[in-house]
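Mapping of the sequence shown onto this note's numbering: residues 1423 to 1931, in sequence order.
All C-beta atoms in this analysis are idealised placements derived from N, C-alpha and C, irrespective of residue type, glycine included.
Source: prediction; values computed, not measured.
To start, the structure itself, in structure tokens.
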Amino acid sequence: MFQHSPSKGRLLPKAKIFIRHGKEDYGGCSSHFASPRQSALFRGAKLLFRDRQDVPAEFIINKSLGHSVSAIQLSSEIQYSLSLGCSCHSTRHSCTVTSPKPVPIPPPTQSPAPSQRSTPEPSVESADPGPSQSENVRRSDRIFKIKTKSDGSIDRYKARLVAKGFNQEYGIDYEETFDPVARITSVRSLLAIAATKRWPLFQMDVKNAFLNGDLSEEVYMIPPPGVSLPTGHVCRLRKALYGLKQAPRAWFEKFSTTVISLGFSASDYDSGLFTRITILKKSLSANFEMKDLGTLHYFLGLEVLSDSAGTYLCQAKYTSDLISRAGITNNKVASTPLEPHLHLTPNVGPPLKDPTLYRQLVGSLVYLTVTQPDIVYAVHTVSQFMSAPCSDHYAAVLRILRYLKGTMFHGLYFSSTSSLTLRGFSDADWDSDMTDRRSTTEFCFFLGDSLISWRSKKQSLTARSSTEAEYRALADTSQYLIWLRWLLSDMGAPQLSPTLLWCDNNSAI
């Protein structure tokens, strides 16, 4: 509920949020872009935290990717390399599978060192009675991949033993699959706070993360080709394995239980955020096999460059790869993400024969909005035609990519001299959709001078006036703001005064 203050012209919700009308420009509401002095790329950050003796507090953000590239994972998009701990079963006896052996990986030019291999094979050690192979047995396979560095050179060879979990049956060999993941707003907020307080950032990688997850169900698997077992034998998995539907959740439960036992507190406002005031690295290494990746430079397509002036965040390599995938490397650069006054509608132009590439490009563009808020509206527009895209929709996607060619090194900058005062801006584009006449809600939030969150989303109902559309936008923005204030409090940046929320519509205020 809002209360109107005639003397000051503000709306005061119970959550201590000031909504102020600003006749002038939004004053700093534009995206903070900067060009890096160099492209600092480093593969594979999974844990993000700060650790400093004079300010001994730590943050862990846990994010599971699963099979999607459109989300960030900081602690559990682990290299799913394996060391099996399972047992083999037949109708008469079973064999415990232990003592893993490395699987040779066929490289194009040279053999990988043993430290580069990540998929061991099991060997039979003992036999006991067990169930037959006819009972809900899943197949398995090996996945080989060449990991490259940012310059395209070979980094290492990887092999994964995966279970074909796509035919698992609910209630038989899996139950819960939901895996809590951290919001990208939490990542940007932490980077902004760290830049302001000049905290050093480090990253660590849990090796073979999914193998740490405990299975509560009985899951049986046929070993991959090349693994010799007695006739009629299958493997019973003792630990989670990449490919199982419950594997991400099993890992999260194991990880969260472990860090909480180490004294961390789980955030009530982001399930992937954990905090503790103590030393972290040794504690994690005592519970998991860890790889210390040093200071934070690169994780999941996000390039991080920090110095005494602040932290710069961009996705230059990710953008370059996306442009190459679309085949427009030699095309001209566009000055804007969309054509001026363009209104896309369904069934514009001939339908695409194969919409796969369109969907892949749009999905990748959604992830690119993590550091490029200037394409949010354009991506929001083209993402509405995923089910039946046409040639004009595809042309709009290529237009966005041509625009990104000229802004490849643009990104977000978090200044070390910025304050930690939260402020927000709300707006609505009334009657903007030519198909259903629904309005679009748009908002953004700054922590000091650092842009940490934004959104462009179509409203669920058709507004009968611009006032109604703006008021709905204010309601959605205020709801998000309440959550953001609590999140910042968990991160050590509590908002002690009411938050200013700016709106440009007098009637809504």
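- Inter-residue distance for Asp1776 and Ala1614 is about 42 Å (C-alpha atoms, whole angstroms).
- The C-beta distance from Ala1604 to Leu1695 rounds to 6 Å, short enough to fall under 8 Å.
- With a 10 Å radius around the Cβ and a threshold of 16 neighbouring Cβ atoms, Met1626 comes out buried.
- Contact between Phe1865 and Phe1847 holds: their C-beta atoms lie close to 6 Å from each other, under 8 Å.
- Secondary structure note for Ile1576: its beta strand (DSSP E) is the uninterrupted segment Ile1576 to Ala1585.
- Going by C-alpha positions, Thr1778 is about 10 Å away from Pro1811.
- Closest by C-alpha distance to Gly1914, out of Ala1895, Ser1882 and Thr1843, is Thr1843.
- Per the Cβ contact rule, the stretch 1803-1818 is not in contact with the stretch 1730-1743 (fewer than 3 Cβ pairs under 8 Å).
- Here the alpha carbon of Val1609 sits roughly 19 Å from the alpha carbon of Thr1839.
- Taking Ala1818 as the centre and dropping the five residues before and after it, the same chain places the C-beta of Leu1760, Glu1761, Leu1764, Leu1766, Ala1800, Thr1803 and Val1804 closer than 8 Å to its C-beta, in chain order.
- The C-beta distance from Ser1562 to Met1643 rounds to 5 Å, short enough to meet the 8 Å contact threshold.
- The criterion of a C-beta distance shorter than 8 Å is not satisfied by Ser1650 and Leu1684.
- Counting the other CB atoms within 10 Å of its CB gives Ile1606 a total of 16 or more, which places it among the buried residues.
- The residue from Asp1912, Leu1869, Phe1710 and Lys1827 with its alpha-carbon nearest to that of Val1628 is Phe1710.
- In terms of Cα proximity to Pro1646, the closest of Ile1822, Ser1786, His1832 and Arg1560 is Arg1560.
- The Cβ neighbour count for Phe1632, taken over all protein chains shown within 10 Å, is at least 16; the residue is labelled buried.
- The beta carbon of Thr1680 is closer than 6 Å to those of Asn1709 in its chain, skipping five residues each way along the sequence.
- When the beta-carbon positions are compared, Tyr1816 and Leu1790 stay at least 8 Å from each other.
- Annotation: Thr1758 to Tyr1825 spans about 6 Å, alpha carbon to alpha carbon.
- Just measuring C-alpha positions, the residue of Asp1601, Ser1900 and Arg1907 sitting nearest Trp1924 is Ser1900.
- For Asp1714, the enclosing beta strand (DSSP E) stretches over residues Met1712 to Thr1717.
- Closest option to Leu1910, judged by alpha-carbon separation, among Ser1861, Asp1690, Gly1732 and Gly1587: Asp1690.
- Sequence-distant partners of Ser1878 (beyond 5 residues in either direction) whose C-beta falls short of 7 Å from its own C-beta, in its chain, are Val1798, Tyr1799, His1802, Thr1862 and Glu1864.
- When the Cα atoms are used, Gln1881 and Tyr1780 turn out to be separated by approximately 25 Å.
- Counting along the chain, no alpha helix (DSSP H) covers Ser1878; the unbroken beta strand (DSSP E) around it starts and ends at Ser1872 to Lys1880.
- One Cα belongs to Lys1754, the other to Arg1821, and the distance between them is close to 10 Å.
- Scanning Leu1623, Ser1611 and Gly1749 for the CA closest to the CA of Thr1793 turns up Ser1611.
- With contacts defined as CB atoms closer than 8 Å, Asp1814 and Val1770 qualify as a contacting pair.
- Short of 7 Å from the beta carbon of Pro1916, and not among the five residues preceding or following it, lie these beta carbons of its own chain, in chain order: Leu1910.
- Shown here, Gly1833 sits in a strand according to DSSP, grouped into three states.
- Pairing Pro1670 with Met1712, the inter-Cα distance amounts to about 18 Å.
- Annotation for Gly1648: no alpha helix (DSSP H) segment contains it, and DSSP assigns it neither H nor E.
- For Phe1807, there is no enclosing alpha helix (DSSP H), as DSSP marks it with neither H nor E.
- DSSP, read as helix, strand or coil, puts Pro1773 in strand.
- In this chain, Trp1905 is not harboured by any beta strand (DSSP E); it is covered by the alpha helix (DSSP H) spanning Ser1888 to Asp1912.
- With 16 or more other Cβ atoms from the protein chains shown falling within 10 Å of its own Cβ, Ile1874 counts as buried.
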